[in-house]
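Undergrad: Just passing along the structure, written as structure tokens.
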Amino acid sequence: MRSFTYTRATTPSEAAAEVAGMPGAMFLAGGTNLLDLMKLEIETPTHLVDVQDLKLDRIEKTDDGGLRIGALVSNTALSADERVRRDYGVLTRAIQAGASGQLRNKATTAGNLLQRTRCPYFYDTNQPCNKRKPGSGCAAIGGYSRQLAVIGTSDACIATYPGDMGVAMRVLDATVETVNPQGRTRAIPIADFHRLPGDAPDRDNVLARGELITAVTLPRPIGGHHVYRKVRDRASYAFALVSVAAVIQKDGSGRVAFGGVAPKPWRIEAAEAAMPQGAKAVATQVFADAKPTHDSAFKVPLAMRTLASAISEAKAA
Ligand SMILES: Cc1cc2nc3c(=O)[nH]c(=O)nc-3n(C[C@H](O)[C@H](O)[C@H](O)COP(=O)(O)OP(=O)(O)OC[C@H]3O[C@@H](n4cnc5c(N)ncnc54)[C@H](O)[C@@H]3O)c2cc1C
Ligand code: SF4
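Okay, here's the thing in structure tokens:
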């Protein structure tokens with residue numbers, strides 16, 4: 040690991056200004072992703088601004104009947120919150136499908152949204168990777184790509200967004216709240232938060248340098264039956280090959296987002312009109328533009344079957 044300096048910020052705008060003002064500085068939250076990447080010298084910050092004293096660890100009701108989740112709320116606390124379990128069950132289920140109990144105790148809401156890809160070549164510093172080293176090439180294209188994305192990819196990168204929590208937040212229409220180094224705040228719909236790779240796969244999201252996530256808000260509850268299905272190579276402690284977050288109403292209408300298939304939580308709202316016709320009708324539209332590799336082609340029918348399973352679970356409830 041390269042040497043770095045370390046400070047603990049006490050206010051959000053101080054943290055934002057400190058990262059913006061020092062080239063190579065980064066925020067540190069639970070550290071469960073960033074420290075691993077530093078040990079492998081994939082991330083090489085010169086300075087860490089620890090945000091754990093910022094008092095952003097509360098879950099509060101919003102005026103419109105939704106919830107405001109502080110950026111530092113741990114994955115464990117969020118998934119166990121009584122209001123989340125009751126009204127946003129898909130979020131509890133998605134979080135609990137991820138990582139392990141110990142990791143979820145440390146992992147934060149903001150850090151989880153910002154976790155980096157698990158593409159094996161991103162982790163192998165002997166291989167070209169446009170996300171790790173812009174312009175170096177992409178070893179996954181033409182390489183081993185079974186775990187990688189089937190839609191939303193580019194000629195520069197075919198990596199997936201690996202998280203579970205963000206897929207549930209996408210189906211719930213969450214909003215990411217931030218503050219920038221000048222103290223200005225903004226609210227970013229989660230649909231617009233993660234970026235597709237295009238020709239700049241090193242940029243995973245739309246945050247500006249020094250922009251700090253302060254909270255994620257959920258709109259008022261939408262009812263329905265909440266399902267999170269995660270298909271992976273082993274039953275725990277593994278990232279999704281395909282996951283489905285679904286909220287399905289009694290009349291068969293509903294919302295659905297997919298994980299493990301794209302560079303961001305993948306939801307095509309227009310396809311949801313086909314929910315009453317079943318999984319095949321929805322998946323055909325969601326994956327109409329899919330460009331899987333030979334290795335990852337299995338993900339398209341797997342996503343359809345996983346959605347079918349989620350729909351039948353909801354109907355049986
Ligand atoms: C073995 C293992 C298995 C895992 N399995 C899963 C899984 O199955 N599903 C899943 O979803 N996840 C999984 N994870 C990932 C885990 O959920 C993430 O590591 C965790 O959520 C990151 O949160 P953190 O607070 O530790 O972030 P950190 O590691 O502290 O930070 C991550 C990134 O976010 C930035 N950051 C942190 N807070 C802020 C903020 N407030 N504003 C702006 N930037 C910020 C940091 O600078 C860094 O770039 C796994 C991790 C491990 C190590
Ligand atoms: S798919 Fe993306 S992350 Fe993986 S090697 Fe290619 S550029 Fe890097």
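Adding 39 to a residue's 1-based position in the sequence shown gives its number in the numbering used here. Ideal Cβ positions, reconstructed from N, Cα and C, are used throughout, including at glycine.
What does the alpha-carbon distance come out to for the pair isoleucine 190 and lysine 354?
TA: Approximately 28 Å between the Cα atoms of the pair.
Undergrad: What are the boundary residues of the beta strand (DSSP E) that includes valine 88?
TA: Start and end: 86-89.
Undergrad: Kindly examine ligand 1 and report whether one of its heavy atoms sits closer than 8 Å to the Cβ of lysine 145.
TA: True, at least one ligand heavy atom lies under 8 Å from that Cβ.
Undergrad: May I ask which residues mark the beginning and end of the beta strand (DSSP E) holding arginine 225?
TA: First-last of the beta strand (DSSP E) with arginine 225: 224-228.
Undergrad: With a cut-off of 8 Å on the beta carbons, I'd call alanine 195 and proline 167 a contact; round off their distance for me.
TA: The Cβ separation is near 11 Å, so there is no contact.
Undergrad: Judging by CA-CA distance, which residue of Gln141, Gln135, Asp241 and Asp272 is the nearest neighbour of cysteine 177?
TA: Cysteine 177 has its Cα closest to that of Asp241, out of Gln141, Gln135, Asp241 and Asp272.
Undergrad: Measuring alpha carbon to alpha carbon, tell me which residue in Ala254, Ala327, Ser351 and Glu311 is nearest asparagine 151.
TA: When only C-alpha atoms are compared, the closest one is Ala254.
Undergrad: Who are the near neighbours of methionine 65 in its chain, counting only those whose CB is closer than 8 Å to its CB and skipping five residues on each side?
TA: The residues are Val58, Leu73, Glu82, Pro84, His86, Leu87 and Val88.
Undergrad: What is the C-beta distance between aspartate 126 and proline 260, in whole angstroms, given that I count them as a contact (C-beta under 8 Å)?
TA: Confirmed, Cβ separation roughly 4 Å.
Undergrad: Mark alanine 179 as exposed unless 16 or more other C-beta atoms lie within 10 angstroms of its C-beta, in which case mark it buried.
TA: So alanine 179 ends up on the buried side.
Undergrad: Would the stretch 280-294 and the stretch 202-219 be scored as touching if the rule is three or more Cβ pairs under 8 Å?
TA: Taking 8 Å as the limit for Cβ pairs, the verdict is that the stretch 202-219 does touch the stretch 280-294.
Undergrad: Compute the minimum distance between the beta carbon of glutamate 82 and the heavy atoms of ligand 1, and state whether it is under 8 Å.
TA: Answer for glutamate 82: yes, Cβ within range of ligand 1.
Undergrad: Tell me the residue span of the beta strand (DSSP E) that contains tyrosine 45.
TA: Counting along the chain, the beta strand (DSSP E) containing tyrosine 45 begins and ends at 44-47.
Undergrad: Go through the stretch 89-122 residue by residue and report every complete run of the alpha helix (DSSP H) that reaches 4 residues or more, in order.
TA: Fully enclosed alpha helix (DSSP H) runs of 4 or longer: 114-119.
Undergrad: Once you ignore the five residues that flank glycine 105 on each side, which residues in its own chain have a CB closer than 7 Å to its CB?
TA: Closer than 7 Å at the Cβ level, and outside the excluded window around glycine 105, lie Thr256, Leu257, Pro258 and Arg259.
Undergrad: In the DSSP output, which residue or residues are listed as bridge partners for leucine 76?
TA: Bridge partners of leucine 76: none, in fact.
Undergrad: Return yes when the C-beta of valine 1 is under 8 Å from any heavy atom of ligand 1, and no when it is not.
TA: Since the first and last residues shown for the chain are 40 and 356, residue 1 lies out of range.
Undergrad: Could you give the distance in angstroms between the alpha-carbon of cysteine 158 and the alpha-carbon of serine 275?
TA: Roughly 19 Å separates the two Cα atoms.
Undergrad: Please report the straight-line C-alpha distance between lysine 78 and glycine 181, rounded to a whole angstrom.
TA: C-alpha separation (whole angstroms): 28 Å.
Undergrad: Please state if the CB of alanine 301 and the CB of threonine 199 are separated by a distance shorter than 9 Å.
TA: Cβ atoms of threonine 199 and alanine 301: closer than 9 Å.
Undergrad: Pick from Arg294, Ala312 and Gly317: whose alpha carbon is nearest that of arginine 306?
TA: The residue with the shortest Cα to Cα distance from arginine 306 is Arg294.
Undergrad: Note down the Cα distance separating asparagine 244 from glutamate 250, rounded to an integer number of angstroms.
TA: Distance between the alpha carbons of asparagine 244 and glutamate 250: 11 Å.
Undergrad: Here's the rule: buried if 16 or more other CB atoms are within 10 angstroms of the residue's CB, otherwise exposed. What is alanine 309?
TA: Exposed, because fewer than 16 other Cβ atoms sit within 10 Å of the Cβ of alanine 309.
Undergrad: Just mark tyrosine 267 as buried or exposed, buried being the case when its beta carbon has 16 or more other beta carbons within 10 Å.
TA: Classification of tyrosine 267: buried, given that the 10 Å Cβ count is 16 or more.
Undergrad: What residues in its chain sit with their C-beta under 7 Å from that of proline 201, if we drop five residues either side in the sequence?
TA: Counting only Cβ-Cβ distances below 7 Å, and skipping sequence neighbours, we find Gln154, Thr156, Arg157 and Phe278.
Undergrad: DSSP on lysine 269, reduced to helix/strand/coil?
TA: Reduced to three states, the DSSP call for lysine 269 is strand.
Undergrad: Per DSSP, what kind of secondary structure is valine 245 in: helix, strand or coil?
TA: It is coil, neither helix nor strand.
Undergrad: Quick check: what's the CA-CA separation for arginine 225 versus alanine 213?
TA: Spanning the two alpha carbons is a distance of roughly 14 Å.
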